[in-house]
Amino acid sequence: MSSSGSEDDMPLARFNRRVSGGMNSKVSSDAMDIDGPLTNGSAKRKSRSSINKVNYKDESEDSDDGQPLAKRQRTRTMVPDDDSDDAPLSKSTKAKKTPAEKAIKDESDSDDDKPLAKPAAKRKSTGSALTKKANGVKKHESDSDVPLKKPKKAAATAKAKANATKTKAAATKAKATPVKKAAKPESKDQSEAPEEAEEEYEWWNAPKKEDDTIKWTTLEHNGVLLAPAYTPLPSHVKLHYDGKPVNLHVEAEEVAWFFGSMLHSTHNVENPVFQKNFFTDFKETIKQTGGATDRHGNKVDIKEFSKLDFTKIHEYWHTTNEARKARSAAEKKAEKAEKDKVEAPFMFCKWDGRKEKVGNFRVEPPSLFRGRGEHPKTGKVKRRVMPEQITINIGKEAKVPEPPPGHKWKAVQHDNKATWLAMWQENINGAYKYVMLAANSAIKGQSDFKKFEKARELKKHIDRIRRDYTRDLKSEVMADRQRATAVYLIDKLALRAGNEKDTENEAETVGCCSLKYEHVTLREPDTVIFDFLGKDSIRYYDEVKVDKQVFKNLKLFKKSPKTTGDDIFDRLTTSQLNKHLSGYMPGLTAKVFRTYNASITMARLLKELKGDNRPIAEKVKLYNDCNRQVAILCNHKRTVGASHEQQMEKLGDKIKAYQYKKWRAKQMILDLDSKQKKKKGAEWFAMDPELTEEWILEHQEQLVEKERENIQKKFQKENEKRAAEGEKPLPDKELKERLKAANELQAKFKKENKSKKVAAEGRGVTVEKLEAQIVKHDTQISNLRLQAEDREGNKEVALSTSKLNYIDPRLTVVFARKFDVPIEKFFSKTLREKFNWAIKSVEDDDWDF
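full-length UniProt numbering numbers the first residue of the sequence shown as 1 and each following residue consecutively.
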């Protein structure tokens, strides 16, 4: 395999991660030729000492969580690993500070944290509540109890609005021609007055800021929405121990509720590790809250998990859950309105005077931790987060959100180099949780843009990197040879780099740098078999042919006395690898290779597609086929869902339903014109072989039953409407009269089955209209078959991860335009908002990654 070729030569292979020790040593050329054992071990790897311990107060040199706040920009709420999909592309290797420090003066080198452009020109605002700041930005007086309002602006003319979306110059011109609106009567409740649409901030067209470490000048927000208080169980619903009901303090009862309400999740509650961790925390909670008592007030010593009975709690959960599902539409609407009212103040913030949506303003409620894969802490209690644990980040001039009565915030700071609004530390893994802006915000868009631009920049350096690591594959320095081999695997197989893990507290997952002896099996002459658990405990298994020198090196790295549990790359760590890569290009890490290889592969595959007049459904499938190859390359796998077969069966029934409609339409043509049989041939009128008599009878029963249900639902809605308007409900005899339509349909099917003939139906029905229906049914059948094929192909592959995190969204935009497919076919509403910058910034259909 040539390593000096262009990026298009990269084979489609696959994925995953973690780390080891490191020091250089000289190795003789004779030693390099010694063959090691070719068998794979089966025992678990040896435990590593943790370098990722978190201390909320003390400084930690090795903890990623201890990094300065301005450097810890994340898409998720939890601080991810070095090669997490949401982690920044580069990290500082300097000593890190704790998040408790209020003033953070370190310059951030996190690319995800740096906006590319200056904010849009300051807009004029109206209203008596506005005050002018020294920097010229007008803002509303912040009120922690009131949603932040959008500034009022004069409406632009229709022509100006159209021009504003084309070019920046046209947008500027449009702003200069405001049109006065007709005066409206003043609303009694100003809070209910409709707000005018705020002009979009096109940061990708704005000039670049001189100092992009400063994220904001002014910041206002209303803090976080704390989890609702626990509602105690009714007095008759008790936890039972050794067959007897016990009384618990409300805090202990809440923990019992966590377990009892998930008895249906046998995967968790029957897991011995889950049970052990839960019981340990449960007993501790009981002890801290005064213990358990029986009905007479006598102490009950809870010692054995097997004697606990959560049945009554689960029955209560099931009853309340079913009642919740059975709520009327009006009740659901009222509850949603109340929920929206509570959440409204927290949904938006003011960022440099712009209204920006907040992504995750809700503090996670307490629960039982589940974790991914075989996580050693599964079942532990996630404690309720209190205001005293939360740090608020806000502008100096802004009003600080009020904590709940009787509480106070842990700290309030004004760090304009950080992009989070609030943060706290959770108790399970000691990870920090952040309240960030939504995915469609300007700051997040800039982060995505920079990530993909960094991957594009790698194109300029990839040939030199490949030449260098090919040369170093034969280096006499063991550390250099291991590093070159690791870079080869990361580049060619898109493996994650991997991090050192605290195996006692985290699931045992690995990546390239942390591969163990047992994860790699060698088969002469040049095949390597990888078998390990990667990120999220997803199994990575692949058999690949590698360069002969790489095969020879892996054989050396497995040489005796190494055995099961020993590191393959024992002279290399992830930080050493990333430091070496940054010498080629600022900010280059192993993670950038995954983004680069995913995007360059997608670009090559899309180029190979030829434009034609295929139906849109076929074009969408072509795109998904390309995306699937990228997902396989990155090992974005998923377990086959329990409902997959059921879903496929439903799709099959839909296809048969259209085949049945098509057959009936053809029979109606014969009813109108019997000569058509001779003209078109008897075979054209034959029933599809997939339609059995048994299926048809069952389908007809379903159609009749569906007709009855529709009539009853319509009747019920009409009565609800009449009741709301104070009118008398329709009598039951009206319903019986309407249900006759279902009986008539049933009789019609019975007659057709007996005579094997179908009478033409419908107003003004003609042969031509029926033929048009048949063509339509054929299209629907074809689309459903494509959908079924696509779904079957994707049952073990997660397409969304590659499309969301690794494939440059501009490639999808160009494909949609070039093949004339609506972008909605590829990006949901949420993704269209997230990738708005890609949709609007690509003007050339020939744009290339």
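All C-beta atoms, glycine included, are put in the ideal place defined by N, C-alpha and C. The structure displayed is predicted, hence computed values, not measured ones.
For Glu364, tell me which candidate among Lys312, Ile465 and Ala227 has the shortest Cα-Cα distance.
Taking the sequence shown and counting its residues from 1, the one referred to as residue 364 is at position 364. Out of Lys312, Ile465 and Ala227, Ala227 has the C-alpha closest to the C-alpha of Glu364.
Return helix, strand or coil for Thr126, following the three-state DSSP convention.
As a first step, residue 126 must be located in the sequence shown, where it is residue number 126. Per-residue confidence for Thr126 stands at a pLDDT of 38, beneath the threshold of 50, marking its modelled position as unreliable; the derived number appears in the next sentence. DSSP places Thr126 in coil when its eight states are reduced to three.
Using the Cα positions of Arg384 and Lys840, report the straight-line distance between them to the nearest angstrom.
Within the sequence shown, residue 384 is the residue found at index 384, counting from 1. Within the sequence shown, residue 840 is the residue found at index 840, counting from 1. Cα to Cα, Arg384 sits roughly 42 Å from Lys840.
Considering only residues of the segment 532 to 562, which uninterrupted alpha helix (DSSP H) runs meet the minimum length of 4 residues and lie entirely inside it, listed in chain order?
Listed in chain order, they are 548 to 557.
Would you mind stating whether Lys834 and Ala439 have Cβ atoms separated by less than 9 Å?
Within the sequence shown, residue 834 is the residue found at index 834, counting from 1. Within the sequence shown, residue 439 is the residue found at index 439, counting from 1. Contact flag set, yes.
With a threshold of 8 Å on Cβ separation, who are the neighbours of Thr77 within its own chain once the five nearest residues in sequence on each side are excluded?
Position 77 of the sequence shown, counted from the start, is the residue given in the question as residue 77. The predicted model places Thr77 with a pLDDT of 37, which falls under 50 and marks its position as unreliable; any figure quoted below should be read in that light. Here the set comprises Asn360, Glu364, Lys433, Tyr434, Val435 and Met436.
Closer than 8 Å is the cut-off here; do at least three beta carbon pairs connect the segment 510 to 521 with the segment 562 to 581?
The way I'd put it, the segment 510 to 521 does touch the segment 562 to 581; three or more beta-carbon pairs between them come closer than 8 Å.
Could you work out which residue in Glu618, Arg664 and Leu263 is closest to Ala759 when comparing CA atoms only?
By 1-based counting over the sequence shown, the position of residue 759 is 759. Ranking Glu618, Arg664 and Leu263 by Cα distance to Ala759 puts Arg664 first.
Taking Cβ positions, are Ala411 and Ile392 nearer each other than 9 Å?
Walking along the sequence shown from the start, residue 411 turns up at place 411. Walking along the sequence shown from the start, residue 392 turns up at place 392. Taking 9 Å as the Cβ cut-off, Ala411 and Ile392 qualify as a contacting pair.
Which of helix, strand or coil DSSP assigns to Gly511:
Within the sequence shown, numbered from 1, the residue matching residue 511 stands at position 511. Strand, per DSSP.
Using the beta-carbon count (16 or more within 10 Å), is Ile394 buried or exposed?
As a first step, residue 394 is located in the sequence shown; it is residue number 394 there, counting from the start. Result: buried.
Supposed contact pair Ser599 and Ala455 - C-beta distance, whole angstroms, cut 8 Å
Here residue 455 refers to the residue found at position 455 of the sequence shown. Here residue 599 refers to the residue found at position 599 of the sequence shown. Rounded to whole angstroms, the Cβ separation of Ala455 and Ser599 is 6 Å, and the two are in contact under 8 Å.
Distance cutoff 9 Å, beta carbons only. Does Val269 sit that close to anything in chain C?
Among the chains of the structure shown, chain C does not appear; only one protein chain is present.
Is it buried or exposed, Lys679, if we count other Cβ atoms within 10 angstroms and call 16 or more buried?
As a first step, residue 679 must be located in the sequence shown, where it is residue number 679. Lys679 is exposed by the Cβ-count criterion.
Could you compute how far the alpha carbon of Asp844 sits from the alpha carbon of Cys634?
Along the sequence shown, one-based indexing puts residue 844 at 844. Along the sequence shown, one-based indexing puts residue 634 at 634. Approximately 29 Å, taken between the alpha carbons.
Tell me the rounded alpha-carbon separation between Trp684 and His519.
Start at 1 with the first residue of the sequence shown, and residue 684 comes out as number 684. Start at 1 with the first residue of the sequence shown, and residue 519 comes out as number 519. So the two alpha carbons sit approximately 58 Å from each other.
Buried or exposed: which applies to Ile616, given that a residue is buried once 16 or more other Cβ atoms fall within 10 Å of its Cβ?
Residue 616 sits at position 616 when you count from the first residue of the sequence shown. With fewer than 16 Cβ atoms within 10 Å of its Cβ, Ile616 is classed as exposed.
Around the C-beta of Asn222, are 16 or more other C-beta atoms found within 10 angstroms, so that it is buried, or is it exposed?
Walking along the sequence shown from the start, residue 222 turns up at place 222. Residue environment analysis places Asn222 among the buried positions, since at least 16 neighbouring C-beta atoms fall within 10 angstroms of its C-beta.
Enumerate in chain order the residues of its own chain whose CB-to-CB distance from Glu690 is below 7 Å, with the five nearest sequence positions on each side excluded.
Taking the sequence shown and counting its residues from 1, the one referred to as residue 690 is at position 690. Cβ neighbours of Glu690 beyond the five flanking positions: Lys656 and Gln659.
Closest Cα partner of Arg785 within the set Val797, Glu694, Met648 and Arg722:
If you number the sequence shown from 1, residue 785 lands on position 785. For the residues Val797, Glu694, Met648 and Arg722, the minimum Cα distance to Arg785 belongs to Met648.
Return helix, strand or coil for Phe310, following the three-state DSSP convention.
Indexing the sequence shown from 1 puts residue 310 at position 310. The DSSP-derived three-state label of Phe310 is coil.
Is the segment 370 to 385 close to the segment 528 to 548, with three or more CB pairs under 8 Å?
When C-beta atoms of the segment 370 to 385 are compared with those of the segment 528 to 548, three or more pairs fall below 8 Å, so the two segments count as touching.
For Val358, which residues in the same chain have their Cβ closer than 8 Å to its Cβ, ignoring the five residues on either side in sequence?
The residue you call residue 358 lines up with position 358 of the sequence shown. Excluding sequence positions up to five before and after Val358, its CB lies within less than 8 Å of the CB of His221, Phe346, Met347, Phe348, Cys349, Leu421, Val435, Met436, Leu437 and Ala438, all in the same chain and listed in chain order.
So what does Tyr240 bridge to, in DSSP terms?
The residue you call residue 240 lines up with position 240 of the sequence shown. The displayed chain sequence assigns His, not Tyr, to residue 240. Paired residues: Pro245 and Asp309.
How would you label Thr311, buried or exposed, when you count the other beta carbons within 10 angstroms and need 16 or more for buried?
Taking the sequence shown and counting its residues from 1, one reaches residue 311 at position 311. Thr311 comes out exposed.
CB of Ala723 within 9 Å of CB of Pro731, strictly
Position 723 of the sequence shown, counting from 1, holds the residue named residue 723. Position 731 of the sequence shown, counting from 1, holds the residue named residue 731. No, they are not a contact pair.
Any non-hydrogen atom of the ligand FAD closer than 8 Å to Ile632 Cβ
Absence of the ligand FAD is noted for the structure shown, with no ligands found whatsoever.
Any idea what DSSP makes of Ala438, helix, strand or coil?
Your numbering for residue 438 matches position 438 in the sequence shown. Under the three-state reduction of DSSP, Ala438 is assigned to coil, being neither helix nor strand.
Ala479 versus Gly498: straight-line alpha-carbon distance, rounded:
The residue given as residue 479 occupies position 479 in the sequence shown. The residue given as residue 498 occupies position 498 in the sequence shown. So the alpha carbons of these two residues sit roughly 17 Å apart.
So does the segment 464 to 474 actually touch the segment 486 to 493, counting three or more Cβ pairs closer than 8 Å?
Touching, yes, given that three or more Cβ pairs across the two stretches are closer than 8 Å.
According to DSSP, residues forming a beta bridge with Val381:
The residue you call residue 381 lines up with position 381 of the sequence shown. In DSSP, Val381 forms a bridge with Leu368.
Please go through the same chain and pick out, in chain order, the residues whose beta-carbon is closer than 7 Å to the beta-carbon of Leu606, but skip the five residues on each side of it.
Within the sequence shown, numbered from 1, the residue matching residue 606 stands at position 606. Closer than 7 Å at Cβ, skipping near neighbours: Cys626, Leu811 and Phe815.
Output the distance between the C-alpha atoms of Asp808 and Trp837, rounded to the nearest integer angstrom.
The count along the sequence shown starts at 1 and reaches residue 808 at position 808. The count along the sequence shown starts at 1 and reaches residue 837 at position 837. Rounded to whole angstroms, the gap between the alpha carbons of Asp808 and Trp837 is 12 Å.
Euclidean distance between Cα positions of Thr563 and Gln549:
Start at 1 with the first residue of the sequence shown, and residue 563 comes out as number 563. Start at 1 with the first residue of the sequence shown, and residue 549 comes out as number 549. C-alpha of Thr563 to C-alpha of Gln549: approximately 22 Å in a straight line.
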